[in-house]
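Asker:
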Amino acid sequence: KIDPVVPRYCAIEKGSLVELTLSDGPEKPTIKKENLHPKDPSMGTKDMYLAKKVYLRKEDAQVLSEGEEVTLMHWGNVIVEKITKKGDAVASMSGKLHLEGNPKNTKYKLNWLPVVDNLVDVTLRELGFLFTKPTFTDEEDPLDFINPNSQTDTVASAEPAILNLKKGDRLQLERGGYYICDQEKPMILIEIPDGRTKKISGEARDDTWKGKEKDAKGAKDTKKEEKPNKEVAAKPNNNKKEEAPKAAPEKGGKEKGGKQPAGKKGAPAADRPLDDLARLDLRVGKITKVWAHPEADRLWCEEIDIGREQPLAVCSGLREHYKQEEMQDRMLVVIANMKPCKMKGIESQGMVLCSTGPGGVELMKVPEGAKIGERLTCAGYEGEPDEVLNTKTGKNPLEVIKPELKTNANGEGTYKGVTITTSAGVITSKNKDSPIS
-15 KIDPVVPRYC
-5 AIEKGSLVEL
5 TLSDGPEKPT
15 IKKENLHPKD
25 PSMGTKDMYL
35 AKKVYLRKED
45 AQVLSEGEEV
55 TLMHWGNVIV
65 EKITKKGDAV
75 ASMSGKLHLE
85 GNPKNTKYKL
95 NWLPVVDNLV
105 DVTLRELGFL
115 FTKPTFTDEE
125 DPLDFINPNS
135 QTDTVASAEP
145 AILNLKKGDR
155 LQLERGGYYI
165 CDQEKPMILI
175 EIPDGRTKKI
185 SGEARDDTWK
195 GKEKDAKGAK
205 DTKKEEKPNK
215 EVAAKPNNNK
225 KEEAPKAAPE
235 KGGKEKGGKQ
245 PAGKKGAPAA
255 DRPLDDLARL
265 DLRVGKITKV
275 WAHPEADRLW
285 CEEIDIGREQ
295 PLAVCSGLRE
305 HYKQEEMQDR
315 MLVVIANMKP
325 CKMKGIESQG
335 MVLCSTGPGG
345 VELMKVPEGA
355 KIGERLTCAG
365 YEGEPDEVLN
375 TKTGKNPLEV
385 IKPELKTNAN
395 GEGTYKGVTI
405 TTSAGVITSK
415 NKDSPIS
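Per our numbering, numbering through the sequence shown is continuous, rising by one, with the last residue being 421.
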């Protein structure tokens, strides 16, 4: 068991903070000594701040009602007096302390953080499966099954006492799981898996391969039963000279994950250096439909018009940064020749370009007048794009190009310092001197 031997702390994801004002709370933050573990006082204590304003989780705030009595863990009961909403979402709350109330009589026991200046920013890191399946056949290349979402980072606010952690220390985030401190400044906590299919971030671990593994095992058992027939069928295969010519054309054609032969569409692009930006099919697109991914709390599913007969299906991890109405009908830049991959069961065929900087995560802005479907250009990089970008390590243009995609001091999108443009002008962002991905 991990539980009896690790201290407990509180942290709440930054995108999930809702403020509760306590009318009779302390005018100035006060410190209360609290055991690091409720069942083991020998582990020592931590400083817990009590304040007039506290943060609750948005998910907790949504289920509360005016007049309801709830418990703030390790402090006492509170009566919710007023709930202010924006649309259907709770924006803020107010209430009063009811410390004489019995926590056993309340339905909700809530984690909370004081609204104080010394809250600590921490990165909660979740590591998933490296591959999207557990085993491979002799004909399969493991690099074709690399999980593009094997790492998820969430920025959270944590109580000041968490700064006492040292690298290598283990802890539990109340209602959040177990972690190990991987880095102190800035603090990075790596989740310790406990076998749950539901991750702390709300996304489900992709274990759909388990069913396939069972099917494969059943198929193997069937093959064992049919072994006598298999040996009979194997006799004609002794004549390998007749089969060799059949394999040759397949080898000369397009192999899985490999280059196409010269003369076919895409061959000129594949022969160019990996850092040639023209190998990416950068297009101006417009989101015509957007909806929440049913299995991933962070993903929007989009249909993007890029001037083709069928829209491009794309899954983007932008739900923490954009509302649905902000995504609908938005003009943006999309890489249209990504290798299709499943994102929690839904196919994604492209990738939208965003900048990440002081202003947060922002979709790259397309200038007014740019045409849907037009291809973006960058001086010095001409030529046709790859038909489909190779995703194998050492052969993937995007992994070489991405580090050089940045905004400049004017917020203009650039590659190796050269601006990326549409027919109507340069793509831009409010984030300056920031990476684009």
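Where a beta carbon is used, it is the ideal one built from N, C-alpha and C, also for glycine.
Would you kindly report the start and end of the unbroken alpha helix (DSSP H) that includes ALA45?
Answerer: In the sequence shown, residue 45 corresponds to position 61, counting from 1. It spans 42 to 45 - the alpha helix (DSSP H) in which ALA45 sits, taken as one unbroken run.
Asker: Measuring CB atoms only, is the stretch 340 to 355 touching the stretch 412 to 421, in the sense that at least three cross pairs come out at less than 8 Å?
Answerer: Short answer: they touch.
Asker: Looking only at its own chain, which residues have a Cβ that is under 6 Å from the Cβ of VAL345, when we skip the five neighbours before and after it?
Answerer: In the sequence shown, counting from the first residue as 1, residue 345 sits at position 361. So the qualifying residues of the chain are HIS305, CYS338.
Asker: If you count every other CB in all the chains shown that lies within 10 Å of the CB of ALA35, and 16 or more means buried, which is it?
Answerer: Your numbering for residue 35 matches position 51 in the sequence shown. Buried: at least 16 other Cβ atoms inside 10 Å.
Asker: If we call anything under 7 Å between Cβ atoms a contact, is VAL104 one with ALA142?
Answerer: On the sequence shown, position 120 is the one that residue 104 refers to. On the sequence shown, position 158 is the one that residue 142 refers to. Yes; because the gap between Cβ atoms is below 7 Å, this pair is in contact.
Asker: Is ALA140 buried or exposed, if buried means 16 or more other CB atoms sit within 10 Å of its CB?
Answerer: What you label residue 140 is simply residue 156 of the sequence shown in a count that begins at 1. ALA140 should be labelled buried.
Asker: So, are the CB atoms of LEU258 and TRP284 less than 7 Å apart?
Answerer: For the purposes of this step, residue 258 is taken as the residue at position 274 of the sequence shown. For the purposes of this step, residue 284 is taken as the residue at position 300 of the sequence shown. No; because the gap between Cβ atoms is not below 7 Å, this pair is not in contact.
Asker: When DSSP labels each residue in this structure, what does ASP105 get in the three-state scheme?
Answerer: Here residue 105 corresponds to residue number 121 of the sequence shown, with the count starting at 1. Correct three-state label for ASP105: strand.
Asker: What residues in its chain sit with their C-beta under 8 Å from that of ALA200, if we drop five residues either side in the sequence?
Answerer: Position 216 of the sequence shown, counted from the start, is the residue given in the question as residue 200. Unreliable positioning characterises ALA200 in this predicted model, as indicated by a pLDDT of 46, which lies under 50. The coordinate reading is nonetheless provided below. Contacts found: THR119.
Asker: Short of 8 Å in beta carbon distance, which residues of its chain neighbour THR405, apart from the five on each side in sequence? Order them along the chain.
Answerer: On the sequence shown, position 421 is the one that residue 405 refers to. These residues qualify, in order along the chain: LEU360, THR361, CYS362, ILE411.
Asker: From what residue to what residue does the alpha helix (DSSP H) around ILE385 run?
Answerer: Indexing the sequence shown from 1 puts residue 385 at position 401. Element bounds for ILE385: 381 to 385.
Asker: Which value, in whole angstroms, describes the spacing of the CA atoms of LYS204 and THR121?
Answerer: Taking the first residue of the sequence shown as position 1, residue 204 is located at position 220. Taking the first residue of the sequence shown as position 1, residue 121 is located at position 137. In this prediction, LYS204 scores a pLDDT of 46, lower than 50, which makes its location untrustworthy; the coordinate-derived value is nonetheless stated afterwards. Each residue's alpha carbon lies about 12 Å from the other.
Asker: Are the beta-carbon atoms of GLU358 and VAL268 separated by less than 7 Å?
Answerer: Numbered from its first residue, the sequence shown carries residue 358 at position 374. Numbered from its first residue, the sequence shown carries residue 268 at position 284. In this structure, VAL268 lies closer than 7 Å to GLU358 by Cβ.
Asker: Would you kindly check if the distance between the Cβ of ILE271 and the Cβ of ARG314 is under 7 Å?
Answerer: The residue you call residue 314 lines up with position 330 of the sequence shown. The residue you call residue 271 lines up with position 287 of the sequence shown. Cβ distance < 7 Å, so ARG314 and ILE271 count as in contact.
Asker: Can you tell me whether TYR39 is helix, strand or coil according to DSSP?
Answerer: The count along the sequence shown starts at 1 and reaches residue 39 at position 55. In the structure shown, TYR39 sits in a strand (DSSP, three-state: E or B).
Asker: LEU173 and VAL74 - do their beta-carbons sit closer together than 7 Å?
Answerer: The residue you call residue 74 lines up with position 90 of the sequence shown. The residue you call residue 173 lines up with position 189 of the sequence shown. Not a contact, by the Cβ cut-off of 7 Å.
Asker: In chain order, what residues of the same chain lie with their CB nearer than 7 Å to the CB of TYR365, ignoring the 5 residues before and after it?
Answerer: Within the sequence shown, numbered from 1, the residue matching residue 365 stands at position 381. For TYR365, where only same-chain residues beyond five positions count, the Cβ hits under 7 Å are ASP260, LEU261, ALA262.
Asker: Would you kindly work out how many angstroms separate the C-alpha atoms of TYR(-7) and GLY160, rounded to a whole number?
Answerer: Counting from 1 along the sequence shown, the entry for residue -7 is found at position 9. Counting from 1 along the sequence shown, the entry for residue 160 is found at position 176. Approximately 10 Å between the Cα atoms of the pair.
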